[in-house]
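**Q** This is the structure I have questions about; it appears just below.
Protein chains: 2
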Amino acid sequence: MLHAAGSVPLGARDRILASAYELFSHHGVRAVGVDEVIRRAEVAKATLYRHFASKDELVLAFLQQREQLWTKEWVEAEARRRADTPEEQLLAIFDLFDEWFRREDFEGCSFVNVLLEMNDRRSPIGAASAGHLANIRSIVRRLAAEAGLRDPDEFAHSWHILMKGSIVAAGEGDHEAARRAQAMGRQLIARHRPA
Amino acid sequence: MLHAAGSVPLGARDRILASAYELFSHHGVRAVGVDEVIRRAEVAKATLYRHFASKDELVLAFLQQREQLWTKEWVEAEARRRADTPEEQLLAIFDLFDEWFRREDFEGCSFVNVLLEMNDRRSPIGAASAGHLANIRSIVRRLAAEAGLRDPDEFAHSWHILMKGSIVAAGEGDHEAARRAQAMGRQLIARHRPA
DNA sequence: CTACACCCAGACAGATCTGTCTGTCAAGCG
DNA sequence: CGCTTGACAGACAGATCTGTCTGGGTGTAG
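Top line first, the protein sequences correspond to chains B and P. For the first sequence, this note's numbering gives the first residue as 1, with consecutive numbering after it. For the second sequence, this note's numbering gives the first residue as 1, with consecutive numbering after it.
So this is what it looks like as structure tokens:
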């Protein structure tokens, strides 16, 4: 054995995941084949299938990495960093979205994209996507609870509707979607503020 | 020539369109092949390609029929029928959605589904989907104008965010999505009411 | 030096999808 | 009756995708 701990130095697996992340997030998991993934990763096909049992397993790994990079390290961490109070942190999500929506390579929410590409909530991939979306909601729910808002669960579901709706609108080309969603978000906060 | 006017009696083309509508709306346009369409329609493959130049043309015809049946004859007509004032007609959209979201065979918004399946706004199919979504907004805009709301275009964009967000949430399994969106819609109406 | 683990390159099988083509049949019309 | 039109059934070509397999190369440990 080479590695005493469970850390692979910097190998083929990471290149495959990075390639899959770039391609799947921007072009969808159905439109991208494994040949394109290995070409960009500069690995052999056998290497991919040594590390992942199937393309579906690779997609599941991609979704987990998306949660780490997008949900946790971008949305959650950056929203908390940009504002002091939980209420302002919630609103800061749409400031992030505003910048995101204006990017040339805007790619949308991979969890929604994959869920709608599969068109099957009960498939392993569909269920995983729905699970990752639920994890986004629980971050919102936690912020709502920290802000002292009434009924954080109901709030999180409604807030998430604004997030998803604005992302789809941005996918159509609406560059003002984040601003519109934020305005509705302010009203939603007001309605959930304790009397 | 058989038909003096431009009306085909009841032929293969209608069976193809009906089959495509059922399959594409429920399982997506990428997951369904032409073989499945012709099998359900009970037509020969050559017959399909006599009436439609390609599968893409069939998809475009499906989207147009979706606009006729879903957008116009269901959402718009039924919302106008169920309420008297334009404001109540807007809110009635989410009453319709509430029943729709609870259906066993809930299929989501085909325009959003296809747009995200394609992942390309510039392709003919993606552009058509975006166009049909814009047509939904113009119906909302017209109702907002009839209701005397301020800035009907801004209102329609925001309202449509609620519609699309709740549809995606329903696709995840949230049966209360319509009620939540309607509550936010009431606040949006209040904000756009003239002083 | 040898053994072994890991990896690259690419051929290959099997499945599936679009779109074309051949052949047959039934109905309407002079 | 004979001709035309449209449709059915299905084989077929060509492309593409997943997953397997062979063969060869390289670096490291004992």
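Where a beta carbon is used, it is the ideal one built from N, C-alpha and C, also for glycine.
Chain B beta carbons: is any one of them nearer than 8 angstroms to that of asparagine 113(P)?
**A** Position 113 of the second sequence, counted from the start, is the residue given in the question as residue 113(P). With a threshold of 8 angstroms between beta carbons, asparagine 113(P) makes contact with chain B.
**Q** Can you name, in chain order, every residue of its own chain whose Cβ lies under 6 angstroms from the Cβ of methionine 13(P), other than the five neighbours on each side?
**A** Position 13 of the second sequence, counting from 1, holds the residue named residue 13(P). It should be noted that the sequence gives arginine, not methionine, for residue 13(P). Counting only Cβ-Cβ distances below 6 angstroms, and skipping sequence neighbours, we find His51.
**Q** Work out the CA separation of alanine 134(P) and glutamate 36(P) for me, nearest whole Å.
**A** Residue mapping note: residue 36(P) aligns to position 36 of the second sequence, counting from 1. Residue mapping note: residue 134(P) aligns to position 134 of the second sequence, counting from 1. Cα-Cα distance, rounded: 30 angstroms.
**Q** Anything in chain P within Cβ reach of leucine 48(B), meaning under 7 angstroms, just list it in chain order.
**A** Within the first sequence, residue 48(B) is the residue found at index 48, counting from 1. Within chain P, no residue comes near leucine 48(B); the closest Cβ sits about 22 angstroms away, beyond 7 angstroms.
**Q** Return the residue from the list Ala170(P), Arg81(P), Val43(P) that minimises the CA-CA distance to glutamate 104(P).
**A** For the purposes of this step, residue 104(P) is taken as the residue at position 104 of the second sequence. Minimum Cα distance to glutamate 104(P) is reached at Ala170(P).
**Q** Residues in the same chain with beta-carbon distance under 6 angstroms from leucine 90(B), minus the five sequence neighbours each way, listed in chain order, please.
**A** Counting from 1 along the first sequence, the entry for residue 90(B) is found at position 90. Counting only Cβ-Cβ distances below 6 angstroms, and skipping sequence neighbours, we find Leu143.
**Q** Which of helix, strand or coil does DSSP assign to serine 54(B)?
**A** Taking the first sequence and counting its residues from 1, one reaches residue 54(B) at position 54. It is coil, neither helix nor strand.
**Q** Might you give, ordered along the chain, the residues of its own chain that have their beta carbon closer than 7 angstroms to the beta carbon of valine 32(B), omitting 5 neighbours on each side?
**A** Numbered from 1 along the first sequence, position 32 holds the residue referred to as residue 32(B). Same-chain partners within the cutoff: Leu23, Phe24.
**Q** Output the residue ranges of the alpha helix (DSSP H) runs that lie fully inside the segment 96 to 129 of chain B and measure 4 residues or longer, sorted by chain position.
**A** 110 to 118
**Q** If you drop the 5 nearest sequence neighbours on each side, which residues of the same chain put their C-beta closer than 6 angstroms to that of arginine 139(B)?
**A** Mapped onto the first sequence, residue 139(B) falls at position 139. First, the residue type needs correcting, since residue 139(B) is isoleucine and not arginine in the sequence shown. Excluding positions up to five away in sequence, the list reads Glu76.
**Q** Listing by chain order, which chain P residues have their CB less than 8 angstroms from the CB of alanine 130(B)?
**A** Taking the first residue of the first sequence as position 1, residue 130(B) is located at position 130. The answer, in chain order, is Glu172, Gly173.
**Q** Count the other CB atoms, across all protein chains shown, that sit within 10 Å of the CB of alanine 18(P); report buried if there are 16 or more and exposed otherwise.
**A** For this step, residue 18(P) is matched to residue 18 along the second sequence. With fewer than 16 Cβ atoms within 10 Å of its Cβ, alanine 18(P) is classed as exposed.
**Q** What is the residue span of the alpha helix (DSSP H) that glutamate 154(B) lies within?
**A** Position 154 of the first sequence, counted from the start, is the residue given in the question as residue 154(B). Element bounds for glutamate 154(B): 152 to 172.
**Q** To which residues of the same chain is tryptophan 159(B) closer than 6 angstroms at the C-beta, ignoring the five residues directly before and after it?
**A** On the first sequence, position 159 is the one that residue 159(B) refers to. Result list for tryptophan 159(B): Val140, in chain order.
**Q** What do you get for arginine 66(P), buried or exposed, if any count of 16 or more other CB atoms within 10 angstroms of its CB means buried?
**A** In the second sequence, the residue the question calls residue 66(P) occupies position 66. By the 10 Å Cβ count, arginine 66(P) comes out buried.
**Q** Quick check on the burial criterion: 16 or more other C-beta atoms within 10 angstroms. Buried or exposed for lysine 45(B)?
**A** Against the first sequence, residue 45(B) aligns to sequence position 45. Exposed, since its Cβ has fewer than 16 Cβ neighbours within 10 Å.
**Q** Does any C-beta atom of chain P lie closer than 8 angstroms to the C-beta of arginine 191(B)?
**A** One-based indexing of the first sequence puts residue 191(B) at position 191. Cβ-Cβ to chain P under 8 angstroms: yes for arginine 191(B).
**Q** Inspect the beta-carbon positions of valine 112(B) and isoleucine 161(B) and report whether they are closer than 8 angstroms.
**A** Residue 112(B) sits at position 112 when you count from the first residue of the first sequence. Residue 161(B) sits at position 161 when you count from the first residue of the first sequence. Not closer than 8 angstroms, so no.
**Q** Taking glutamate 57(B) as the reference, which of Leu69(B), Asp174(B), Val34(B), Glu107(B) has the closest Cα?
**A** For this step, residue 57(B) is matched to residue 57 along the first sequence. The shortest C-alpha separation from glutamate 57(B) is found at Val34(B).
**Q** Measuring only the C-alpha atoms, how far is arginine 150(B) from histidine 175(P)?
**A** Counted from its first residue, the first sequence places residue 150(B) at position 150. Counted from its first residue, the second sequence places residue 175(P) at position 175. Roughly 21 angstroms between the two C-alpha positions.
**Q** Would you verify that the beta carbon of lysine 164(P) is, or is not, closer than 8 angstroms to some beta carbon of chain B?
**A** Here residue 164(P) refers to the residue found at position 164 when the second sequence is read from its first residue. At least one chain B Cβ lies under 8 angstroms of lysine 164(P).
**Q** Please name the residues in the segment 18 to 38 of chain B whose beta-carbon is closer than 7 angstroms to at least one beta-carbon of chain P, in chain order.
**A** His27, Gly28, Arg30, Ala31
**Q** Does alanine 147(P) get closer than 8 angstroms to chain B when you measure Cβ to Cβ?
**A** Here the question's residue 147(P) lines up with position 147 in the second sequence. Chain B contact via Cβ: absent.
**Q** Name, please, each residue of chain P whose Cβ falls closer than 8 angstroms to the Cβ of glutamate 117(B).
**A** Position 117 of the first sequence, counted from the start, is the residue given in the question as residue 117(B). Simply Gly28, Arg30, Leu116, Glu117.
**Q** Rounded C-beta distance between leucine 63(B) and serine 123(B)? I'm assuming under 8 angstroms.
**A** Here residue 63(B) refers to the residue found at position 63 of the first sequence. Here residue 123(B) refers to the residue found at position 123 of the first sequence. Not confirmed; about 12 angstroms, so no contact.
**Q** Do glutamate 154(B) and histidine 26(B) count as a contact pair if the criterion is CB distance below 8 angstroms?
**A** The residue given as residue 26(B) occupies position 26 in the first sequence. The residue given as residue 154(B) occupies position 154 in the first sequence. Not closer than 8 angstroms, so no.
**Q** Quick check on glutamate 42(B): does DSSP put it in helix, strand or coil?
**A** Here residue 42(B) is taken as the residue at index 42 of the first sequence, counted from 1. Coil, per DSSP.
**Q** Please check the pair glutamate 42(B) and arginine 15(B), which I expect to be a contact at CB under 8 angstroms, by giving their CB distance rounded to whole angstroms.
**A** For this step, residue 42(B) is matched to residue 42 along the first sequence. For this step, residue 15(B) is matched to residue 15 along the first sequence. Correct: roughly 7 angstroms between the Cβ atoms.
**Q** Closest Cβ-Cβ distance between serine 158(B) and chain P: below 8 angstroms?
**A** Start at 1 with the first residue of the first sequence, and residue 158(B) comes out as number 158. Yes, because at least one Cβ of chain P sits closer than 8 angstroms to the Cβ of serine 158(B).
**Q** Would you mind telling me which residues of chain P sit closer than 8 angstroms to arginine 180(B), beta carbon to beta carbon, in chain order?
**A** Translated into positions along the first sequence, residue 180(B) becomes position 180. By Cβ distance, chain P contributes Glu154, His157, Ser158, Ile161.
**Q** Grouping DSSP H, G and I as helix and E and B as strand, with all else coil, what is histidine 192(P)?
**A** As a first step, residue 192(P) must be located in the second sequence, where it is residue number 192. Note: histidine 192(P) maps to helix in three-state DSSP.
**Q** Taking only beta-carbon atoms, is histidine 3(P) less than 8 angstroms away from chain B?
**A** By 1-based counting over the second sequence, the position of residue 3(P) is 3. With a pLDDT of 38 at histidine 3(P), under the threshold of 50, the predicted position of this residue should be treated as unreliable, and no value is reported.
**Q** Just checking: is the beta-carbon of alanine 79(B) within a distance shorter than 8 angstroms of some beta-carbon in chain P?
**A** The residue you call residue 79(B) lines up with position 79 of the first sequence. Not closer than 8 angstroms to any Cβ of chain P, the Cβ of alanine 79(B) fails to qualify, so no.
**Q** Determine the closest residue to arginine 180(B) out of Val114(B), Phe94(B), Glu78(B), Leu60(B), with distance taken between C-alpha atoms.
**A** For the purposes of this step, residue 180(B) is taken as residue 180 along the first sequence, with counting starting at 1. Cα-wise, what sits closest to arginine 180(B) is Phe94(B).
**Q** Going by C-alpha distance, which of Pro194(B), Lys164(B), Ala183(B), Ile189(B) is nearest leucine 115(B)?
**A** Counting from 1 along the first sequence, the entry for residue 115(B) is found at position 115. That would be Lys164(B), whose Cα lies nearest to the Cα of leucine 115(B).
**Q** For a contact meaning CB atoms closer than 7 angstroms, what does alanine 144(B) contact in chain P?
**A** Residue numbering aside, residue 144(B) sits at position 144 when the first sequence is read from its first letter. The contact set of alanine 144(B) on chain P, defined by CB atoms closer than 7 angstroms, is empty, because the minimum CB distance reaches about 14 angstroms.
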